[in-house]
Amino acid sequence: MGSIGEEEVYLFGRNAEESERLNVQHEFMVSLIGSSPLHPSIPTENIVSVADVATGTGIWLSTLPKHLPSNSHRLYLHGFDISSAQFPFLKDITPTYETHLSAHDMRERFPAEHHGRYDLVHLRLLTGALKNDEYPRSMKHVYELLNPGGYLQWDECDCSAFDIAEKTPSLIAVQMKQHVLDAVSTLGLCPSPAAEIERLAKKVGMVDVTRDRYTTLDKPHVHEAARAWIVTVMKALLPAAIMGSGKTADRDEAMESANRIMEEFEEHTVSALPLVNLQVIVGRKPL
């Protein structure tokens, strides 16, 4: 089990409500990419060991097997997260696969027994969890998990995930985005994480690195889910963003301000379409 060392910047909670949000978010993200949580460029026939880093509730990991071909090898799944607070109650006992969960901070090297072990390593939505200067070493640690020929898939949003589809941006949309940008700057987060992840994947030695973009704009069937996701995320994020921006250090004051903004924003999303823009970075460790 890894240690929990440096102070984390994670902007969301780890209570039951947040766990439910993560599970609903999973279904939305999968529908945005397609019908599978796996990027279509990743071959599935030889995947027998999978790591999910920053696994949260383990929802991505637990739903993965049905998207893999049945195979005579025993499928090994391992989820890592800086906190075990949201881990599900799982036992390592199914006929076709076993699941393990460990508390580990990806900013530190993983235990040696995990090095070179995994055919696939997945990460998702760490924009609000990693500081800008923590990406390089985190990428190195993730790279060490892969066996030769293994694949990385990292699904990430940036500040453009909070856009609104309107010709002239409304005041509330501009205000909402500015709160997020202010928090990114004040907290030392990465303003363009997907581009940084792509760059670092190449730098550590990955090959066949790609970055694909998925948006809700051309997917009417996910528009309602996009509205619900944006509102839910911003309700959870905005108080911390207001405090992180330095506008107030008082949580009650931040909550009051966030509630006023969210009431107006939620009304606005009834007539204006919120855009969710997800980017998926895929890379392969050379043989």
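Residue numbers for the sequence shown follow my numbering, so the first one is 1 and each next one is one higher. Virtual Cβ for every residue (Gly too), placed ideally from N, Cα, C.
- Secondary structure at T99: strand, using DSSP grouped into helix, strand and coil.
- Within the segment 202 to 279, the runs of beta strand (DSSP E) at least 3 residues long that lie entirely inside it are, in chain order, 207 to 215, 273 to 275.
- By DSSP's assignment, E156 forms a beta bridge with Q279.
- Relative to I242, the option among A228, I261, E224, A225 whose CA is nearest is I261.
- Beta bridge pairing from DSSP links G149 with no other residue.
- C-alpha of D81 to C-alpha of P88: approximately 12 Å in a straight line.
- Taking the C-beta atoms as reference points, H122 is found nearer than 8 Å to W60.
- Cα atoms of D105 and R117: separation of roughly 18 Å, rounded to the nearest angstrom.
- Ranked by Cα distance from Y135, the first of D119, G149, A112, E108 is E108.
- Taking every protein chain shown into account, the CB of R213 has fewer than 16 other CB atoms within 10 angstroms, so this residue is exposed.
- If the five residues before and after L278 are omitted, its C-beta is found closer than 8 Å to the C-beta atoms of M29, L32, I33, D155, E156, C157, A161, R213, Y214, T215, all from its own chain and listed in chain order.
- S185: member of the alpha helix (DSSP H) spanning 171 to 187, first to last residue.
- Checking the DSSP bridge columns, you'll see D133 has no partner listed.
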